[in-house]
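Residue numbering for the sequence shown follows numbering that gives the first Met the number 0, beginning at 0 and increasing consecutively. Built from N, CA and C at the ideal position, the CB exists for glycine as well.
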Amino acid sequence: MESIISLTINGIDVSVTKGTSILEAAKKVNIRIPTLCYHEDLCVAGNCRVCVVEAEGYRTLLASCAVPCEQGMKIKTSTPKVRAARKDIIALLVSEHNTQCTTCYRSTNCELQSLSSEYNIDNDIYMSILKPENMKIDRSSWSIEKDDSKCVRCQRCVRTCSELQHVNAITVAHKGNEMKISTFMDLPMNEVVCVNCGQCVIHCPTGALTERRYYDDIWNALGDDTKKVVINTAPSVRVALGETLGFAPGKIVTGKMVAALKKIGFDLVLDTDFTADLTIIEEGHELLQRLKKALLDKQEVALPMITSCSPGWVKFIEHMYPDKLAHLSTCKSPQQMFGALAKTYLAEKMGFNPANIVSVAAMPCAAKKYEANRPEMKSSEYQDIDAGLTTREIGHMIKQAGIDFTELEECDFDTLMGESTGAAVIFGATGGVMEA
């Protein structure tokens with residue numbers, strides 16, 4: 000049986016199981032302690048010290064994320080000493096940070112910016128010590144942009160890449176004042192084992208890691224009368240998009256999404272579910288062929304067969320388990336099938352010149368940007384997908400276009416390559432591809 004210990008936080012009695020951190024205990028009684036390096040998905044690092052609290056009988060302030068509660072502790076989370084320490088820590092982080100916040104992609108959605116505002120940090124508290132060598136921006140990856148000038152060295156990305164993804168593409172280099180977040184041998188992101196999953200981007204508290212953005216290319220194509228700009232949208236986008244535009248999480252906004260994309264200027268708005276159905280047929284046929292060879296023809300064949308729909312998963316296999324590549328399906332993903340059909344079947348049916356078709360994919364994953372740019376993805380002699388957008392980017396484009404998303408009348412997908420069965424929708428769920 001787990002032992003229960005009692006303590007007080009800001010005068011409130013709290014009972015927790017032994018081993019619970021002060022931060023978790025405070026959350027239990029709705030007391031907010033600011034954090035920066037802490038993330039509930041990751042192991043505790045205790046790097047930033049933004050979460051310090053004062054405990055009666057202790058000489059120094061305690062990092063609440065890392066220190067477990069003890070019987071009879073008396074914790075105070077917002078004394079003058081605590082607030083001064085936090086302000087000092089945040090000011091020091093700001094002093095070696097690129098503070099061009101108004102032009103930063105993460106502006107208004109940056110944890111350091113929020114903390115700076117909360118603790119009234121002025122630029123003149125400490126002189127800027129941002130080093131020229133830390134102004135480097137790595138845009139070598141098709142999916143992820145790394146800006147060292149905005150890194151706070153919280154190591155969330157390092158822990159994410161190691162603990163959640165088991166890839167270890169990002170690491171800590173050097174020590175002390177020279178410590179920085181880097182890659183193996185400080186190589187560009189496109190030359191290391193990064194699988195382009197984008198999980199480091201999601202967990203980064205600042206603009207140090209962001210997804211590569213192709214807004215300008217798409218806006219330019221939309222403004223070019225000689226181009227036919229076609230977009231296909233993944234099943235999960237129509238659910239997640241609403242959350243970025245003020246709807247409750249989980250709200251399905253398919254009709255409004257289609258209407259918004261048409262208003263932006265896309266010539267055809269089509270459904271990736273169409274080619275997800277093709278994936279079901281193609282992968283199902285391939286599986287049957289493999290089973291026939293194994294069971295009836297008694298041939299050696301790679302089983303089990305694993306879907307190849309996820310480009311991050313494919314790249315993970317390529318880097319980590321190349322001996323298992325034969326187990327992957329030889330089929331393209333729904334995104335790439337769609338791109339190939341857009342430049343061939345769709346072009347023929349609509350009377351479009353394939354060279355003038357700009358095929359855009361709206362997907363939930365940053366790795367889809369990498370997949371779109373793989374050199375082998377042009378069986379029609381044209382690149383299957385010309386640009387990839389994430390759900391967040393679609394939301395940004397809708398805002399840039401000045402569209403009031405909530406007031407839009409719903410529209411249907413265009414009919415050619417816009418219809419599908421219900422089976423394709425479950426691709427967004429774990430195991431959905433094989434179930435379909």
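Query - Cβ contact check for the region 402-421 and the region 256-270: 3 or more pairs under 8 angstroms - result: yes
**Report entry** 7 angstroms Cβ cutoff met for K80 and T7
**Finding:** no
Query raised in the report: Would you call the CB atoms of F412 and A259 closer than 7 angstroms?
Result: no
Query - Same chain, Cβ closer than 6 angstroms to L92, five either side skipped, listed in chain order - result: V151
Requested in this report: Would you kindly check if the distance between the Cβ of A360 and the Cβ of D216 is under 7 angstroms?
Outcome: no
**Report entry** DSSP state of G387 mapped onto helix, strand, coil
**Finding:** strand
Query raised in the report: Which one of A301, E242, K227 has the shortest CA to CA distance from A341?
Result: K227
Requested in this report: Report the residue from N46, N195, K75 whose alpha carbon sits nearest the alpha carbon of E53.
Outcome: K75
Requested in this report: Please name the residue in K291, E408, S148, H165 whose C-alpha comes closest to that of K262.
Outcome: E408
Requested in this report: Going by DSSP, name the residue or residues bridged to M362.
Outcome: T389
Query raised in the report: Taking Cβ to Cβ, would you say L244 is nearer than 7 angstroms to G394?
Result: yes
Report task. Can you give me the Cβ contacts of I120 inside the same chain, cut-off strictly under 6 angstroms, excluding the 5 residues immediately before and after it? Result -> I89, A90, V93
Report task. Let me know the secondary structure DSSP gives S235 once reduced to three states. Result -> coil
Report task. Name the residue from V43, I4, S63 whose alpha carbon lies nearest to the alpha carbon of P33. Result -> S63
Query raised in the report: Are the Cβ atoms of A65 and V51 separated by less than 7 angstroms?
Result: no
Query raised in the report: Does the separation of the CB atoms of P363 and A233 fall below 7 angstroms?
Result: yes
Query raised in the report: In chain order, which beta strand (DSSP E) runs of at least 3 residues are fully inside the region 5-48?
Result: 11-16
Report task. Return the first residue and the last residue of the alpha helix (DSSP H) that E1 is part of. Result -> E1 -> no alpha helix (DSSP H), and no H or E assigned at all.
Query raised in the report: Does DSSP put A207 in a helix, a strand or coil?
Result: coil
Report task. If I'm right that V191 touches A168 with Cβ under 8 angstroms, what's the distance once you round it to whole angstroms? Result -> 5 angstroms
Query raised in the report: Can you give the Cα-Cα distance for E242 and S115, rounded to whole angstroms?
Result: 26 angstroms
Query raised in the report: Which one of V257, K377, C47 has the shortest CA to CA distance from R155?
Result: C47
Query raised in the report: How would you call M396, buried or exposed, if buried means at least 16 neighbouring beta carbons within 10 angstroms?
Result: buried
Query - Reduced DSSP secondary structure (H/G/I, E/B, other) of E375 - result: coil
Query - Backbone secondary structure at A67 - three-state DSSP - result: Note that residue 67 is Pro in the sequence shown here, rather than Ala. It is a strand residue.
Query raised in the report: In chain order, what residues of the same chain have a beta carbon less than 8 angstroms from the beta carbon of M178, not counting five sequence neighbours either side?
Result: R152, V171, A172
Report task. Classify T343 as helix, strand or coil using the three-state DSSP reduction. Result -> helix
Query raised in the report: Out of Y213, H165, H284, Y104, which has the shortest C-alpha to C-alpha gap to Q198?
Result: H165
Query raised in the report: Starting from K261 and walking both ways along the alpha helix (DSSP H), at which residues does that stretch end?
Result: 253-263
Query raised in the report: V15 to I4, Cα distance in whole Å?
Result: 6 angstroms
**Report entry** Cα-Cα separation, R391 to I143
**Finding:** 14 angstroms
Query raised in the report: Considering only the beta carbon of each residue, do T209 and L111 sit closer than 7 angstroms?
Result: no
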